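Since the structure comes first, as structure tokens, the remarks are kept for the end.
So this is what it looks like as structure tokens:
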């Protein structure tokens, strides 16, 4: 899945406003987080699904970058003192530590705004380009908004120091991380003019890898060691956080992550029927399940 | 210009997500600020320009409401402790005073996101509905983004306790307040399929009333009294803020606000040539110039 990292990085930078003398500080802050070592999982998912549906890299790139901008803004705002109050992100000082809180707030706002502007780069979308843009904006707004990612963050805030059910955790994770992963897959499909069956299959894949990812996260927090994981283990228990492991136990969690990964792989059959090469997406699902950090 | 207040208020509420049990708190916070007594100037400008260009109320309403959502989010974030740290807005407690900082931050993010989703309500836009949506998203993103409104806020932050030039003030105000007023006028035009001459005239009107408004604001801060103005006078001098009055003097400011208002009125001639009724927009420009509070 790492084939397009350079193209994605270059495209992200190309969409940033250039040479705006008096506003340069907020553009610098936006650029800082946009280039702070993200793994580009969401843009790569968008690209993979676009290719599967017969689309081109040029056509999907604005959509892929828009999702990454939304992801990046959410991290900047999540790190702010009134949220998680984090000083470090991916080993680097968080945005507000470098630029100050007010600039970081505005940089997040700026990236969210730029994301939607970026979606409207329709030059390479071909026939029905405007329809694809409008649909992409609509899907991205829903997935990133108050019933999607932001809704998941609100549920997370309300769940702090509370024992909640596994069902509650799943609803939260489907929104908090699943919705934007789904947006990435959907926007890939939309850029390529996918049909509703393909859109549904992409949605199934997105939500199943999202949930498997989160369950494995909870498993590693109790079974890994700090050195391997690269962050302190046992933090969930320390924070009295309800996790899939604390609610369902390790065995059930291992079964569940395997089952969700199988479901994700199974959803790819829709594309295989038409001769699509799903190997990257298969590998990615298996990688998420088997990862040790 | 107050003809459509009820329609705007109802439409704004209709675009909010309904009955989302676990995410209700952020939706409540979004609703709180959206219904906190805004004057709906931007949606009304959008409606007036749509009507002038032959468009319908139904078609422009999603665009008009989208601009109001962007305006509302900017106020929520502006009031946060890391920005202006205001406890009151229009006589009511600010969003974070009622819902807490993290929910207020997310409510602002939610409104900005919802704004773009709302633009894509294209049912009533008729022919080229998708093209109009994509164009509206593009214009709104640019006007609200890092080279528009957010850029203006950054310039404002960087100008605190500094003596700056009148030219600098004008660049800041064109971005900070002018850009979103322009977005409102442009989106009105776009909803009605306006031509480039009409779009240019709307832009001229927007920037001139925006600047006249800001200059009158500075004049009132030294010539009014607290009772009439409804807020403390002399606050600019107290905050050592460069204003048009402190830089150019009262006389020059009065001349300038008159000149900008004339320019705004003059820009409406484009519409009058085609028999358009510009009386509401004329009255509004004159009202902004002559207001005592």
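Residue numbers (our numbering), protein chains in the order written: chain A, 233 to 525; chain B, 233 to 525.
The beta-carbon is built from N, C-alpha and C at its ideal position, and this holds for glycine as well.
Please read all numbers here as calculations on a predicted model, not as lab measurements.
Distance between residue j and residue i (C-alpha atoms, nearest Å)
i	j	result
residue 265(A)	residue 277(A)	20 Å
residue 317(A)	residue 347(A)	24 Å
residue 177(B)	residue 474(B)	This structure leaves residue 177(B) out entirely; chain B is present only between 233 and 525.
residue 287(B)	residue 363(B)	15 Å
residue 295(A)	residue 456(B)	51 Å
residue 305(B)	residue 418(B)	20 Å
residue 371(B)	residue 349(A)	8 Å
residue 309(A)	residue 314(B)	12 Å
residue 506(B)	residue 484(B)	35 Å
residue 329(A)	residue 274(B)	35 Å
residue 337(A)	residue 467(A)	27 Å
residue 247(A)	residue 380(A)	25 Å
residue 462(B)	residue 322(B)	10 Å
residue 293(B)	residue 285(B)	15 Å
residue 410(B)	residue 469(B)	23 Å
residue 252(B)	residue 476(B)	47 Å
residue 240(B)	residue 302(B)	15 Å
residue 524(B)	residue 453(B)	10 Å
residue 443(A)	residue 388(B)	43 Å
residue 332(A)	residue 311(A)	12 Å
residue 343(A)	residue 297(B)	21 Å
residue 504(A)	residue 503(B)	57 Å
residue 521(A)	residue 428(A)	28 Å
residue 407(A)	residue 438(A)	12 Å
residue 375(A)	residue 478(B)	48 Å
residue 249(B)	residue 290(A)	34 Å
residue 244(B)	residue 383(A)	19 Å
residue 272(A)	residue 300(A)	7 Å
residue 491(B)	residue 282(A)	54 Å
residue 355(B)	residue 511(A)	40 Å
residue 422(A)	residue 493(A)	24 Å
residue 501(B)	residue 489(B)	19 Å
residue 486(A)	residue 353(B)	43 Å
residue 450(A)	residue 257(B)	27 Å
Bridge partners - residue i, DSSP secondary structure assignment
i	result
residue 320(B)	325(B)
CB contact below 8 Å: residue i versus chain D
i	result
residue 503(B)	Protein chains A and B are contained in the structure displayed, whereas chain D is not.
Segment limits, alpha helix (DSSP H) that includes residue i
i	result
residue 486(B)	482-499
residue 418(B)	411-423
residue 460(B)	458-461
residue 455(B)	428-455
residue 371(B)	361-376
residue 468(A)	467-470
Helix, strand or coil at residue i according to DSSP, with G and I counted as helix
i	result
residue 288(B)	coil
residue 355(A)	coil
residue 312(A)	coil
residue 391(A)	helix
residue 521(A)	helix
residue 397(B)	coil
residue 250(A)	coil
residue 475(B)	coil
residue 261(A)	helix
residue 505(A)	coil
residue 332(B)	coil
residue 349(A)	helix
residue 275(B)	helix
residue 268(B)	coil
residue 379(B)	coil
residue 510(A)	coil
residue 464(B)	coil
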